[in-house]
Structure formats: C-alpha cells, structure tokens
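Enquirer: All letters in the sequence shown, in the order written, are residues 1 to 257 by full-length UniProt numbering.
Using N, Cα and C, we set each Cβ at its ideal position, and we do this for glycine too.
Structure provided below as structure tokens; questions to follow.
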Amino acid sequence: MTTEKIDPARAAYQSREEQHWAELKSILDDGQISLAETLINYPAFVRRREMTRLLADYDLFRMIQDIPGSIAELGVFLGAGLFTWSKLLETFFPGDRSRKVFGFESGGGYQDFAPEDGDPRPWIESVVGRKQVPDGYLDRMVKLTNQDNLLPGVERCRVISGDILQTVPAFAAGNQGTRLSMIFLDVNLYKPTLAGFRALYPLLAPGGVVAMNGYGTPPWLGETAAFEHYFKEIGQPLPRVRKLSYSIRPGGYFIKE
C-alpha cells in the first residue's frame, strides 16, 4: 500500500484556508452577526480572491453591454456566476426582458474524463465526482432570485439541469432564434466544453465574448484542447485569447469577430 505524497505548498495553502474560515466563523459567532447582516455587508467578509472574481465578471459584462443577446453559462455549481449575470442584467437592463441567463448544470460533479483532459493528478482525483449540487438547491435559488427582479417573478435566469452533452445541443436546436452575447465555460473538461462550442458558438453574436475558466491552467487540459479542436474543426484560425491582469478567473477570453 502506497502513501499519497502531499505537496508541501498545497498543504500550507490548505492550512491557511482552514485558519481563515475558522477565524471568520468565530468572529461572526462571537458578534452574533446574522446571515442577513453578513450578506448585506459582504465586502467586509469576502476575501480578496473572491472580490477579484466579482470584478472580473463585471468587466466581462461591460464588454457585452451593447451586444444583443442572452448569456449562457456551462457549469453553474452553486450559482456565483449565474446569479451575478442575472443581477447585472437586472441592474443595467431592467426593462429589457429579452436578455436572459441560461445556466447548464449536470449536478454530478467532475466525471467522465477524456484522454484530452490529460492524466488526472491525485489532487484532481480528490474532486472527481465532488462539487455536487444539493438536490433542489438551484431551483429554489432561481425562484428566489427571479422574485427579486424589478418585475417580481418574471424570469431573468433559468437553470437547465442534466447531462450537458445532451442538454446544450437540445437547447440550441430548439432555440435557433436565440442569440447570445456571452458564453461562459466553467466545466473544465474536454467533452462538455467541445459540446458547448459546437452548439452555442454559432448563436453568439459578432462582438460577443467567450470566457473559458480553465483555459491554459494545467493540470486542467480539457477546455484548452476543446477550444483548439473546435476551431480546427470549423477551419477557422484560433481567436486571440486575452487575460484580465488582476484575476485568475477566467483563464482566458476572446471576442468573436
């Protein structure tokens, strides 16, 4: 029986993570700070890394403000991206009900690695099948979020659950009149990323943005491989991929010519 070798740098990082969250929980508990007070005053409690994520999403959103179309996100998990897009659309386009957010989520976590995803390292294997979404969570959050819209209950965001290899092509086939202003890919794996490109890229309006969370971020190889495969498949040169200098997320983005 072999013992898994733990990377010292990763072990130190995990230790700092645990200490941070333990101390924050202690602060909130000792101060008897409620959930409502915590969320209303969220900048006080959110970490720098998560703040950059919000700023990155906002910068991507600014790029598509004058591009017609909805937003599609592949890989919703708990909805940090999906519900950010929904609230930004409600803030900047409250009267335009044609622009929506469509989130695609399998709910089963990381599964079904392809050869193009590379040889999963031990720390990847520790999350295969994890990142699972609790039953009923997204449905309840979508309902709650839409209830907070300018027109309460009128749909701005929607989650389409199920195998992305099936749901995304079915969505595209049934919504050929739909146009997208952004595609955000956050599935990290080759097969669902390629399915997303094949089904949704033809619906992306010129000037629209494609953001790839796992682009160029080993050991996740699949998103980059799927991106390169798709453009070779359609006989077009690879678009110029850009990076937001202050944020690790997304790994890269490009603008459709």
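Is it true that the CB of Arg242 sits closer than 8 Å to the CB of Phe227?
Expert: It is not a contact, given that the beta carbons lie outside the stated cut-off.
Enquirer: What first and last residue would you give for the beta strand (DSSP E) that runs through Ile67?
Expert: Careful: Ile67 lies outside any beta strand (DSSP E) and carries neither H nor E.
Enquirer: So, at 6 Å on beta carbons, what are the nonlocal neighbours of Trp85 in its own chain, with the 5 sequence-adjacent residues on each side left out?
Expert: Taken in chain order, the residues that qualify are Ile71, Val101.
Enquirer: For Tyr58, count neighbouring C-beta atoms within 10 Å of its own C-beta (all shown protein chains included) and say buried if the count is 16 or more, exposed if not.
Expert: Result: exposed.
Enquirer: Can you list, in chain order, the residues of its chain with a C-beta nearer than 7 Å to that of Gln132? Leave out the 5 residues immediately preceding and following it.
Expert: Here the set comprises Gly107, Gly108, Gly109.
Enquirer: For Gly222, which option in Pro115, Pro169, Val210, Ser161 has the closest C-alpha, if you only look at C-alpha atoms?
Expert: Among Pro115, Pro169, Val210, Ser161, the Cα nearest to that of Gly222 belongs to Pro115.
Enquirer: Classify Ile27 as helix, strand or coil using the three-state DSSP reduction.
Expert: Correct three-state label for Ile27: helix.
Enquirer: Could you work out which residue in Ile67, Asp29, Arg53 is closest to Asp96 when comparing CA atoms only?
Expert: Of the listed residues, the one whose Cα sits closest to Asp96 is Ile67.
Enquirer: Taking the alpha carbon of Phe184 as the point to measure from, which residue in Thr145, Pro250, Gln147 has its own alpha carbon closest?
Expert: Nearest of Thr145, Pro250, Gln147 to Phe184, Cα basis: Pro250.
Enquirer: In three-state DSSP terms, what is Phe231?
Expert: If DSSP states are grouped into helix, strand and coil, Phe231 belongs with the helices.
Enquirer: Can you tell me where the beta strand (DSSP E) holding Gly252 begins and where it ends?
Expert: 252 to 255 is the extent of the beta strand (DSSP E) around Gly252.
Enquirer: What separation, rounded to the nearest whole angstrom, lies between the Cα atoms of His20 and Val168?
Expert: When rounded, the distance between both Cα atoms is 38 Å.
Enquirer: Taking the alpha-carbon positions, what's the Pro43 to Arg53 distance?
Expert: Answer to the nearest angstrom: the Cα atoms are 13 Å apart.
Enquirer: Check the DSSP bridge columns for Glu37 and list the partner residues they point to.
Expert: Beta-bridge pairing links Glu37 to no other residue.
Enquirer: Going straight from the alpha carbon of Phe83 to that of Met141, what length do you get?
Expert: Straight-line Cα distance between these residues: approximately 9 Å.
Enquirer: Whose C-beta lies closer than 7 Å to the C-beta of Gly207 among residues of the same chain, with five residues either side of it excluded?
Expert: Answer for Gly207: Ile67, Ile255, Lys256, listed in chain order.
Enquirer: Can you give me the Cβ contacts of Gln147 inside the same chain, cut-off strictly under 7 Å, excluding the 5 residues immediately before and after it?
Expert: Gly153.
Enquirer: When the Cα of Pro219 is compared with those of Tyr230, Tyr190, Glu17, Glu233, which residue comes out closest?
Expert: The option with the nearest alpha carbon to Pro219 is Tyr190.
Enquirer: Quick check on the burial criterion: 16 or more other C-beta atoms within 10 angstroms. Buried or exposed for Thr193?
Expert: Buried: at least 16 other Cβ atoms inside 10 Å.
Enquirer: Please report how far the alpha carbon of Phe171 lies from the alpha carbon of Arg16, in whole angstroms.
Expert: Each residue's Cα considered, the two are about 42 Å apart.
Enquirer: Is the beta carbon of Arg158 closer than 8 Å to that of Gly103?
Expert: Contact: yes.
Enquirer: By Cβ distance, which residues of its chain are closer than 8 Å to Gly252, with the 5 residues on each side in sequence left out?
Expert: Taken in chain order, the residues that qualify are Ala211, Met212, Tyr215, Gly216, Val241, Arg242, Lys243.
Enquirer: Tell me where the alpha helix (DSSP H) around Ile164 begins and ends.
Expert: Per DSSP, Ile164 belongs to the alpha helix (DSSP H) from 164 to 174.
Enquirer: Given a threshold of 16 other Cβ atoms within 10 Å of its Cβ, counted over all protein chains shown, does Ile64 qualify as buried or as exposed?
Expert: Flag for Ile64 reads buried.
Enquirer: Under 8 Å between the Cβ atoms of Asp163 and Leu74?
Expert: Not a contact, by the Cβ cut-off of 8 Å.
Enquirer: Report the three-state DSSP secondary structure of residue 258 (helix, strand or coil).
Expert: Absent from the structure is residue 258, since the part of the chain shown begins at 1 and ends at 257.
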